[in-house]
Amino acid sequence: MKILVLGGGGREHTICYKISQSLKLDKLYCIPGNGGISEIAEIPEGISSLDFAKIAEFCKKNQIDFIIPGPEEPLVKGIKDYLEKEGIKVFGPDKVASLVEGSKAFAKEIMVKAGIPTAKFEIFDEPSKARSYVEKKGAPIVVKADGLCAGKGVFVCETKEEAFSAIEKIMEEKIFGESGNKVVIEEKLVGEEATFIVITDGETFKSLPNSQDHKRLLDNDEGPNTGGMGAYSPAPVITPQLKERIEKEIIEPLLKTLAREGHPYLGFLYAGLMIVNNRDPYVLEFNCRLGDPEAQVILPRIGNDFLELIQFTFEGKLSEVEITESSGAAVCVVMASKGYPGAYEKGKKIEGLEKASQISGVIVFHAGTTKKNGEFYTSGGRVLGVTALDKDIPSAIEKAYKAVSLISFEGAHYRKDIGHKAFKHLKPR
Ligand code: AMP
Ligand code: GLY
């Protein structure tokens, strides 16, 4: 098969890595790719991942069997609807089904229709009404911009003043543009977060290994939110009983409701959960794609041929497939550029990649790198995702940090406590 992956981050390197191991692969392309991806996929020059017309032309010319969009933006902008009219297959949801991520208001409304547990909320398109609601409800309270905001649109407010300021920024200053036309205001949930991702054809689904990411920049979950500073899988907070409840109470009703509304969901569906009282799963958000950096710990733990898995999903034969999950664990430590998640430095030479990759069970995924004359340089906020596989989480943590210690670039920042949240659920060694 000939495959085109869209995106150029750590998740897309992981997708390309998995695909490159498939026996069914003839040729792999990635747009726009990155330094690491360029080692395993061909990167066509001069095409953006949002230029649907050029992508269509490229696919026809190169007889691409299907496209896998990594990030949400092409999906939310309707790449599937556009390309399928041209006869090109896209592994992802259509424009309406992608609204589970593209509009927080849509996601909340569909959760109500489907009876899915989520924080109590109201939706506002007028700042004055939003402010009155905050006044009435008090703090803590969570204010969310409706549309896509590159992971920055959620304000967890400890005081009413913080919530008023969030409403002003989103709805009046329009710091996220049109994405701030509406806000969702909801109660703050307290518990432990986890990521639950399934692959689905809209009717049947299979759960992938569960995981947990670390959204804050600094140790002990301090500092600003980021795209994700690390992840581990499995997440022991999700017990087998809880997994069953998440499938029954969240995934099944969502898929049924979307199908009933005429938009069966094909692709990867991501549920960001808050496990309240160590027992009850609530949905914080849905994403219409794999997580980043969750993909970097989930996909290496799956034994299946990734292309075959996707092919079966396209053909409606997912019920014939079992997801094979490695018995051990994976941990990914993200190394970021100085300044991230704000303005960050670029162009720093990265040393030690080869040495780190030589450790058995270590895979260094590239998130923001370029390759020049055989050397790698930083080019993004998140630069690398250093993944280690081992028999359990503590061993995988140790191995991941050993690999990280061998890699260096000027200003490199990483958290020192990735995976530690799992400890309280694990038996002492
Ligand atoms: P979201 O993009 O909706 O997942 O929100 C980003 C982050 O904000 C989540 O990972 C949580 O840490 C936090 N968050 C979102 N909604 C809530 C909520 N209702 N209660 C507590 N924390 C929340
Ligand atoms: N790591 C969070 C996300 O991919 O949305």
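Everything in the sequence shown is counted per our numbering, starting at 18 for the first residue and increasing by one. Using N, Cα and C, we set each Cβ at its ideal position, and we do this for glycine too.
| query | result |
| --- | --- |
| Quick check: what's the CA-CA separation for Gly359 versus Ala420? | 26 angstroms |
| Under 8 angstroms, do Val379 and Ala353 count as touching if we go by C-beta distance? | no |
| Should Val314 and Ser228 be called a contact, given that it needs their Cβ atoms to be closer than 8 angstroms? | yes |
| Would you decide whether Lys137 is buried or exposed? Buried here means 16 or more other CB atoms lie within 10 Å of its CB. | exposed |
| Please tell me whether, using a cut-off of 7 angstroms, the distance from the CB of Glu190 to the nearest non-hydrogen atom of the ligand AMP is below it. | no |
| Below 7 angstroms CB to CB, which residues in the same chain sit around Phe69 once its five sequence neighbours on both sides are set aside? | Ile96, Tyr99, Leu100 |
| According to the Cβ coordinates, are Phe331 and Lys106 closer than 8 angstroms? | yes |
| How do the stretch 195-215 and the stretch 146-159 stand: do at least 3 beta-carbon pairs fall below 8 angstroms, yes or no? | yes |
| Exposed or buried, what is Phe440 when buried is set at 16 or more other beta-carbons lying within 10 Å of its beta-carbon? | exposed |
| For a test of the three-state rule: what should DSSP assign to Leu401, helix, strand or coil? | strand |
| Shortest alpha-carbon distance to Ser39 belongs to which of Ile214, Met18, Ala373, His280? | Met18 |
| Taking all protein chains shown into account, decide if Asp163 is buried (16 or more other Cβ within 10 angstroms of its Cβ) or exposed. | buried |
| Please find out if some non-hydrogen atom of the ligand AMP comes closer than 7 angstroms to the beta-carbon of Val171. | yes |
| So Leu423 and Thr31 are supposed to be a Cβ contact under 8 angstroms. How far apart are they, rounded? | Not quite, the Cβ-Cβ distance comes to about 20 angstroms (not below 8 angstroms), so this is no contact. |
| What's the C-alpha gap between Thr395 and Lys177? | 40 angstroms |
| Counting along the chain, where does the alpha helix (DSSP H) carrying His30 start and finish? | 27-37 |
| For a test of the three-state rule: what should DSSP assign to Thr330, helix, strand or coil? | helix |
| Mind checking whether Tyr34 and Ile20 have CB atoms under 8 angstroms apart? | no |
| Here's the rule I'm using: 16 or more other beta-carbon atoms within 10 Å means buried, otherwise exposed. How should Ser65 be labelled? | exposed |
| With Ser250 as the anchor, note down where its beta strand (DSSP E) starts and where it stops. | 247-250 |
| List, from N- to C-terminal side, the beta strand (DSSP E) runs of 3 residues or more that fit wholly inside the stretch 257-329. | 284-293, 297-304 |
| For Gly53, does the three-state DSSP call read helix, strand or coil? | coil |
| Give the single residue among Lys416, Gly436, Arg399, Pro253 whose Cα lies nearest to the Cα of Phe426. | Arg399 |
| Hey, out of Glu90, Ala131, Lys94, Ile84, whose CA is closest to Leu272's CA? | Ala131 |
| Just checking my contact of Ala373 with Tyr249 at CB under 8 angstroms: how many whole Å lie between their CB atoms? | In fact, because the Cβ distance is near 18 angstroms, the residues do not count as touching under 8 angstroms. |
| If you run the structure through DSSP and keep just helix, strand and coil, what is Asp238? | helix |
| Count the C-beta pairs between the stretch 322-338 and the stretch 214-228 that are closer than 8 angstroms, then say yes if the count reaches three, no if not. | yes |
| Roughly how many whole angstroms lie between the Cα atoms of Met291 and Glu269? | 18 angstroms |
| To the nearest angstrom, how far is it from the Cα of Glu89 to the Cα of Leu307? | 9 angstroms |
| For Ile267 versus Ala252, is the C-beta spacing smaller than 8 angstroms? | no |
| Classify Asp43: buried if its beta carbon has 16 or more other beta carbons within 10 angstroms, exposed otherwise. | exposed |
| Hey, out of His383, Lys363, Glu362, Gly364, whose CA is closest to Leu370's CA? | His383 |
| Run the CB neighbour count on Ser115, radius 10 Å, all protein chains shown included, and call it buried at 16 or more, exposed below. | buried |
| Just tell me which of Gly356, Ile72, Tyr418 has its CA closest to the CA of Tyr46. | Ile72 |
| Could you give the distance in angstroms between the alpha-carbon of Thr256 and the alpha-carbon of Phe141? | 37 angstroms |
| From Gly428 to Lys355, what distance separates their C-alpha atoms? | 5 angstroms |
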